[in-house]
Each structure stands twice: as C-alpha cells, then as structure tokens.
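In the working numbering, the protein residues as written are 1182 to 1583.
Glycine residues also receive a C-beta, built at the ideal position from the N, C-alpha and C atoms.
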C-alpha cells in the first residue's frame, strides 16, 4: 500500500479508475472505503483489498474486474498514466480468459491523462470525415463489444434520443370555444350569471396526451451489459416526460421508477444499485411478469399504455413454468395497447426461436425487435413516434424475420 500521506489521493484516483471501467462507485462508496481502510492494517494488502472490495463493489460480476484493477493501481498509482499499464493488463500473466470488463479497464488506465498533442491543421477535413465514420461505426457496434470509451460515447448518444409517442385521447375534457362537444353544465352556469338567459353554448374538447410508457427489463447474467446501457435510455425518457414506469427483474421484481426520476444520472444509478440485489443472477421471466400483472398492472397500464419488455427470453423451467410464462405474457398483452419485446438476440442475422421460452412468448407479443446497439434504439424511437401497427395474429420479428 502507498504511504499514508498519499493514501487519500490514491484512493480517489482508484475510484475514478473504477468508474471509468464501468463500476458504480459514488461518493458514498468512497467514504465507506476510506473509513474501512482506517480499521485495518494498511501493511496487509489482502486486508486492504478485501476492505475496498466490500465497500466499492456491489455486483458479483465486477469482483474479478476490481481485483485486476487493484493489483495494477496499488502496485503503481502512476501506472495509469503510462502505456506500460496496458501492456501489463494484456501481456502480463492474466487468467486464460480476461476478466469481464478487462478492455474497459485497459482503456481507463490508459486514458486518464492522455499526452497533449499539437494541432494538425492540414488534417482537419480528414479528421472530420473520420469522426463521421466513427459515429456510424459506433451506432452499429454491439453494446456487448464496447470498451469504456465507446460506452461513454454511446451513453451520450442515447441520452440525446427523444421519444415523442403519439397522443391518445383520455377521458378528460377541457374548455375550448372551438371544441366539437357542447358542455351543457358550463353553458347553464354561464347563463345563470347572465340572468338565466342562454346567450351562447360552451364547448369542450377531449384532452389528448402521450400514453403511459412501461419498461420491464431483464437484468440476469446474459442481459446485464445491455440492461446497464438501456438504463441510460430509460433515465433520459423518465426525465423527459411524465407517466414512465420502469421495473427490473432477475429472480425478483423491483420497481425503480422513483430513483430514475432523479436528474443526476450517477445519483439515480447509485440508488438503483442499492435497490436491486439480483443483478446479473438468474432469471424467472414468468414469475416476474405474473407478479407485475398482479401488483402493478392496474396501476400503470391504463389509458393505452405501451410496454417495452426487454429480455432475451431464455427462460429455463419445466412445463408448469412455461405455462405460467405464457399466461403472464398473454395477460400483459391484453392489458396494454402495445407490447413490444426488445431482444438482444435478434442481433444475429440467422436468429431462430429455438429456446422454449422464446417460442412460448413470441406469438403473444405485438412486436419483436432487436435492441443491441444505438441504431436499433433509433429504430425503436422512430417506431414509437408513429401510430401503432395493427396487431398481427402472431408475434413479428422486425427486420423481415418471422
């Protein structure tokens, strides 16, 4: 461990490194980590590593990444400013498979303080062209394949997406002199104020507003990376419009609508991380949808709600579990105006619904769309901005697959 005089500065640098590598490390975690270090023997690296892991890591899939970052950073806190750190990551003695997020860690280490480069005026036009090409490549890149820098750029693009849903008529009316509906009560009240003589009819118009939007997102191990990125999209949508509800499920169902309303994304995701204990674990799709229908369906699915079901559909279970999944999906479809299944597995051109869970759910949704990169999210926004298509007899795989 470093000397006591530099410990605080190095701990802050370590926290920044972890954030750039994709871990949710906020001020609360940093304070807890600093407090933990005061209660151990700083000369014992194992104690220090265990103390920081316990306070800075919330998810099981991040433990290997944390351990790798700890070994690199606390060996030489300046290593992040030198290319040797990246060499140590890729050419040292890594495990047979790199830890999850190893590429993000390498980029975080190598990108903390890039050396200044002089401007190169003659190449401005070429640089602009490359920027456009890079943006196009980023839009097509799978979220699963992105490194730390690419994820940061993708999150910025995602937060700029707007989601204007088509307006739907509600049960409420508002006064409108040019409205098509005569309001007899308002007319009589006005007449009483004029001595009882009806001088003019009062009119109203039905209030129109975007339908409620409900997102139900799978956070099991196979969906964890996609869920992390899509939460940025859902956070932006939640803060851009009203009547947006978001639920996460793995082995249990968690309503994260309230924390996502926080304007600061980092604070919102930190709150979510404390609410969700089953991130990157198993999945029980049928059980989660059944619980949603019973506890939340009537509260959030009124007035023509649009539901985004985000999952790969890899439900494992016996015949009873599949029957429960079918019943829950059908009830969800019947309770909303539009049920859109967003599935990262559709990124494969030769996708075939071989999984029992996928085959069970597919006939019961209105649409089945890919959600694995920025381009697929833009296509989703365009779809939601227009009128709902006429429901088909069976689920449709967008992009020509059926």
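Could you tell me whether the segment 1323 to 1330 touches the segment 1392 to 1403, using the rule of 3 or more Cβ pairs below 8 Å? Touching, no.
Alpha-carbon to alpha-carbon, residue 1496 and residue 1554: The residue labelled residue 1554 in the question sits at position 373 within the chain shown. The residue labelled residue 1496 in the question sits at position 315 within the chain shown. Each residue's alpha carbon lies about 23 Å from the other.
With 16 other CB atoms within 10 Å as the buried threshold, where does residue 1471 fall? Your numbering for residue 1471 matches position 290 in the chain shown. Buried is the label assigned to residue 1471, since at least 16 other Cβ atoms lie within 10 Å of its Cβ.
Assess, as a yes-or-no matter, whether the segment 1483 to 1500 is touched by the segment 1508 to 1522 under the definition of 3 or more beta carbon pairs within less than 8 Å. Cβ pair count under 8 Å is three or more, so yes.
Residues sharing a beta bridge with residue 1489, DSSP: Translated into positions along the chain shown, residue 1489 becomes position 308. Bridge partners of residue 1489: 1396, 1521.
Euclidean distance between Cα positions of residue 1508 and residue 1480: Along the chain shown, one-based indexing puts residue 1508 at 327. Along the chain shown, one-based indexing puts residue 1480 at 299. In a straight line, the C-alpha of residue 1508 is about 20 Å away from that of residue 1480.
Tell me the rounded alpha-carbon separation between residue 1200 and residue 1353. Within the chain shown, numbered from 1, the residue matching residue 1200 stands at position 19. Within the chain shown, numbered from 1, the residue matching residue 1353 stands at position 172. Spanning the two alpha carbons is a distance of roughly 47 Å.
Taking its Cβ as the centre, do 16 or more other Cβ atoms sit within 10 Å of residue 1219, making it buried, or is it exposed? Stepping through the chain shown from its first residue, residue 1219 is reached at position 38. Per the 10 Å Cβ criterion, exposed.
Cβ-based neighbour list, residue 1394, same chain, cut-off 6 Å, excluding 5 preceding and 5 following: Taking the chain shown and counting its residues from 1, one reaches residue 1394 at position 213. Short of 6 Å from the beta carbon of residue 1394, and not among the five residues preceding or following it, lie these beta carbons of its own chain, in chain order: 1425, 1487.
Quick one: give me the first and last residue of the beta strand (DSSP E) that residue 1426 is part of. Residue mapping note: residue 1426 aligns to position 245 of the chain shown, counting from 1. From DSSP, the beta strand (DSSP E) with residue 1426 extends over 1425 to 1430.
Straight-line gap, residue 1532 to residue 1339 (C-alpha atoms, nearest Å): Indexing the chain shown from 1 puts residue 1532 at position 351. Indexing the chain shown from 1 puts residue 1339 at position 158. Spanning the two alpha carbons is a distance of roughly 25 Å.
Assign residue 1300 to one of two classes, buried (16 or more other C-beta atoms within 10 Å of its C-beta) or exposed (fewer than that). As a working mapping, residue 1300 is identified with position 119 in the chain shown. Unreliable positioning characterises residue 1300 in this predicted model, as indicated by a pLDDT of 36, which lies under 50. The coordinate reading is nonetheless provided below. Counting Cβ neighbours within 10 Å, residue 1300 comes out exposed, since fewer than 16 surround it.
Inter-residue Cα distance where the pair is residue 1397 and residue 1209: Numbered from 1 along the chain shown, position 216 holds the residue referred to as residue 1397. Numbered from 1 along the chain shown, position 28 holds the residue referred to as residue 1209. So the two alpha carbons sit approximately 28 Å from each other.
Per DSSP, what kind of secondary structure is residue 1436 in: helix, strand or coil? Within the chain shown, the letter at position 255 stands for residue 1436. Correct three-state label for residue 1436: strand.
Give me the Cα-Cα distance between residue 1386 and residue 1478, rounded to the nearest whole angstrom. The residue labelled residue 1386 in the question sits at position 205 within the chain shown. The residue labelled residue 1478 in the question sits at position 297 within the chain shown. Distance between the alpha carbons of residue 1386 and residue 1478 is about 29 Å.
Note the first and the last residue of the continuous beta strand (DSSP E) segment covering residue 1550. Sequence index remark: in the chain shown, residue 1550 carries index 369 (1-based). Taken as a continuous stretch (DSSP letters only), the beta strand (DSSP E) holding residue 1550 covers 1548 to 1551.
The segment 1522 to 1529 touching the segment 1539 to 1550, judged by at least three CB pairs closer than 8 Å: Yes, since at least three Cβ pairs between the segment 1522 to 1529 and the segment 1539 to 1550 fall closer than 8 Å, the two stretches touch.
Compute the distance between the beta-carbons of residue 1451 and residue 1205, then report whether it is under 8 Å. Position 270 of the chain shown holds residue 1451. Position 24 of the chain shown holds residue 1205. With contacts defined by Cβ atoms closer than 8 Å, residue 1451 and residue 1205 form a contacting pair.
Could you work out which residue in 1240, 1247, 1239, 1221 is closest to residue 1195 when comparing CA atoms only? Your numbering for residue 1195 matches position 14 in the chain shown. Taking only the C-alpha atoms, the option nearest residue 1195 is 1247.
CA-to-CA distance, residue 1256 to residue 1264, given in whole angstroms: Indexing the chain shown from 1 puts residue 1264 at position 83. Indexing the chain shown from 1 puts residue 1256 at position 75. Here residue 1264 scores only 34 on pLDDT, less than 50, and its place in the model is too uncertain to base an answer on.
Excluding the five sequence neighbours on either side, which residues of its own chain have a C-beta within less than 8 Å of the C-beta of residue 1280, listed in chain order? Residue mapping note: residue 1280 aligns to position 99 of the chain shown, counting from 1. Residue placement at residue 1280 is flagged as unreliable, the pLDDT there being 48, under the threshold of 50; a coordinate-derived value is accordingly withheld.
For a test of the three-state rule: what should DSSP assign to residue 1272, helix, strand or coil? Counted from its first residue, the chain shown places residue 1272 at position 91. Per-residue confidence for residue 1272 stands at a pLDDT of 41, beneath the threshold of 50, marking its modelled position as unreliable; the derived number appears in the next sentence. It is helical.
Do you know offhand how far residue 1372's Cα is from residue 1557's? Position 191 of the chain shown, counting from 1, holds the residue named residue 1372. Position 376 of the chain shown, counting from 1, holds the residue named residue 1557. In a straight line, the C-alpha of residue 1372 is about 57 Å away from that of residue 1557.
In this structure, how does DSSP classify residue 1197 when only helix, strand and coil are distinguished? Taking the first residue of the chain shown as 1, we reach residue 1197 at position 16. Three-state result, residue 1197: helix.
Measure the alpha-carbon distance for residue 1462 versus residue 1364 and round it to whole angstroms. Numbered from its first residue, the chain shown carries residue 1462 at position 281. Numbered from its first residue, the chain shown carries residue 1364 at position 183. A direct Cα-Cα distance of roughly 56 Å separates residue 1462 from residue 1364.
Judging by CA-CA distance, which residue of 1566, 1391, 1356 is the nearest neighbour of residue 1382? In the chain shown, residue 1382 corresponds to position 201, counting from 1. Comparing Cα positions, the closest option is 1356.
From residue 1459 to residue 1317, what distance separates their C-alpha atoms? As a first step, residue 1459 must be located in the chain shown, where it is residue number 278. As a first step, residue 1317 must be located in the chain shown, where it is residue number 136. Their Cα atoms are separated by approximately 35 Å.
If I measure Cβ to Cβ from residue 1432 and keep anything under 6 Å in the same chain, skipping five residues before and after, which residues do I get? In the chain shown, the residue the question calls residue 1432 occupies position 251. The residues are 1459, 1462, 1463, 1465.
Return the chain-ordered list of same chain residues with a C-beta closer than 8 Å to the C-beta of residue 1235, the five sequence neighbours on each side being excluded. Numbered from its first residue, the chain shown carries residue 1235 at position 54. Result list for residue 1235: 1217, in chain order.
Any C-beta of chain D under 8 Å from that of residue 1319: No chain D is present in this structure, which holds just one protein chain.
Integer-rounded CB distance, given that residue 1416 should sit under 8 Å from residue 1441: Position 260 of the chain shown, counted from the first residue, corresponds to residue 1441. Position 235 of the chain shown, counted from the first residue, corresponds to residue 1416. In this structure residue 1441 touches residue 1416 by the C-beta definition: roughly 5 Å separates them, less than 8 Å.
Going along the chain, which residues of its own chain have a beta-carbon closer than 8 Å to the beta-carbon of residue 1232, five neighbours each way excluded? Within the chain shown, the letter at position 51 stands for residue 1232. Excluding residues within five positions, the ones whose Cβ falls inside 8 Å are 1214, 1217, 1218, 1220, 1221.
Using C-beta distances below 6 Å, list every residue in its chain close to residue 1368, excluding the 5 sequence neighbours before and after it, in chain order. Counting from 1 along the chain shown, the entry for residue 1368 is found at position 187. Apart from the 5 residues on each side of it in sequence, residue 1368 sits with its Cβ closer than 6 Å to the Cβ of 1382, 1383 in its chain, given in chain order.
Is residue 1545 closer than 8 Å to residue 1510 when the C-beta atoms are compared? In the chain shown, the residue the question calls residue 1510 occupies position 329. In the chain shown, the residue the question calls residue 1545 occupies position 364. Contact: yes.
Note down the Cα distance separating residue 1376 from residue 1361, rounded to an integer number of angstroms. In the chain shown, counting from the first residue as 1, residue 1376 sits at position 195. In the chain shown, counting from the first residue as 1, residue 1361 sits at position 180. Taking the straight line from one Cα to the other gives about 26 Å.
Would a C-beta distance cut-off of 8 Å place residue 1211 and residue 1193 closer than the cut-off? Here residue 1211 refers to the residue found at position 30 when the chain shown is read from its first residue. Here residue 1193 refers to the residue found at position 12 when the chain shown is read from its first residue. It is a contact, given that the beta carbons lie within the stated cut-off.
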